[in-house]
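In what follows, a single structure is set out as structure tokens and then discussed.
And the structure:
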């Protein structure tokens, strides 16, 4: 089956529990004039305080952040504006809000599509445009064989932004011998490599001394962010490169 189709189905599925968001995102993803753009729904944005913010939709090729303000957002205008400022400063991106309460949503969608096409044309003119490429796929056993001193962590599902960093960094049962060998941690979220950390420092969980967490800094390795890790079918959420065993 076509890899792009599979990706788009997964992206739309993430919005299925919000009817307005699902309608608006679906309109964009079904538009053949936008099929060369990679949409990222429920997109996590790193904050400067080490936490995350969550975007309804992000187009990385044109650096456009999109928020769909459903009626419930009217009670959180101040918080939403503050979060928008944080995202704009972090990504240095353009920002577009679809305000459902204002009505005439189809017209707002058309204005958004015009904005998207303008940004795409501008990116191509400036030479910053990058084609949407099929993601790299890597079998878990090969990843374990080719990486050195590496811990692989598996997390699943949509995680509230304020809880994501904690899910990425602890806590697990990892014996001290392995801790001493590990210098890289690869986070695999729903089969996709989302973070790679180096300069690992361990700390014991106060609530359960048999488990440890870690701190680290983001690094680049020969495993690219966005790589799809295949065949991690067993239930364990922790595994290691072969040299750690």
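In this note's numbering, the protein residues as written are 968 to 1212. Don't be surprised by glycine CBs; every beta carbon is placed ideally from N, CA and C. Computed from a prediction, not measured in an experiment: that's the story for all the values here.
Would residue i and residue j be called neighbours here (beta carbons separated by less than 8 Å)?
i: residue 1181; j: residue 1154; result: no
i: residue 1134; j: residue 1126; result: yes
i: residue 1079; j: residue 1062; result: no
i: residue 1212; j: residue 1179; result: no
i: residue 975; j: residue 1083; result: no
i: residue 1102; j: residue 1020; result: no
i: residue 1131; j: residue 972; result: no
i: residue 1149; j: residue 1118; result: yes
i: residue 1087; j: residue 1053; result: no
i: residue 1197; j: residue 1058; result: no
i: residue 1109; j: residue 1157; result: no
Quick check: what's the CA-CA separation for residue i versus residue j?
i: residue 978; j: residue 1209; result: 34 Å
i: residue 1032; j: residue 1166; result: 31 Å
i: residue 983; j: residue 1022; result: 15 Å
i: residue 1160; j: residue 1050; result: 25 Å
i: residue 1164; j: residue 1025; result: 23 Å
i: residue 1177; j: residue 1171; result: 8 Å
i: residue 1037; j: residue 1046; result: 14 Å
i: residue 1175; j: residue 1136; result: 15 Å
i: residue 1048; j: residue 1205; result: 38 Å
i: residue 969; j: residue 1005; result: 15 Å
i: residue 1060; j: residue 1068; result: 25 Å
i: residue 1173; j: residue 1072; result: 50 Å
i: residue 999; j: residue 1098; result: 16 Å
i: residue 1187; j: residue 1074; result: 42 Å
i: residue 1017; j: residue 1168; result: 16 Å
What are the partner residues of residue i, as DSSP defines its beta bridges?
i: residue 1031; result: 1026 and 1061
i: residue 1197; result: 1106
i: residue 1137; result: 1180
i: residue 970; result: Answer by DSSP bridge pairing: none, since residue 970 is not bridged.
i: residue 1158; result: DSSP, once it has assigned bridges, lists no residue as partnering residue 1158.
What is the C-beta distance between residue i and residue j, in whole angstroms, given that I count them as a contact (C-beta under 8 Å)?
i: residue 991; j: residue 1076; result: 6 Å
i: residue 1190; j: residue 1114; result: 7 Å
i: residue 1199; j: residue 1120; result: The pair is not a contact, with the Cβ atoms about 11 Å apart (cut-off 8 Å).
i: residue 1207; j: residue 1145; result: 7 Å
i: residue 1035; j: residue 988; result: 5 Å
| task | Within the segment 1046-1123, note down every full alpha helix (DSSP H) run reaching 4 residues or more, in order along the chain. | result | If we require 4 residues or more, the alpha helix (DSSP H) runs fully inside the segment 1046-1123 come out as 1072-1093 and 1107-1113.
| Where are the beta strand (DSSP E) runs, 3 residues long or more, that stay fully inside the segment 977-1017, in chain order? | List check, beta strand (DSSP E) in window: 1007-1013.
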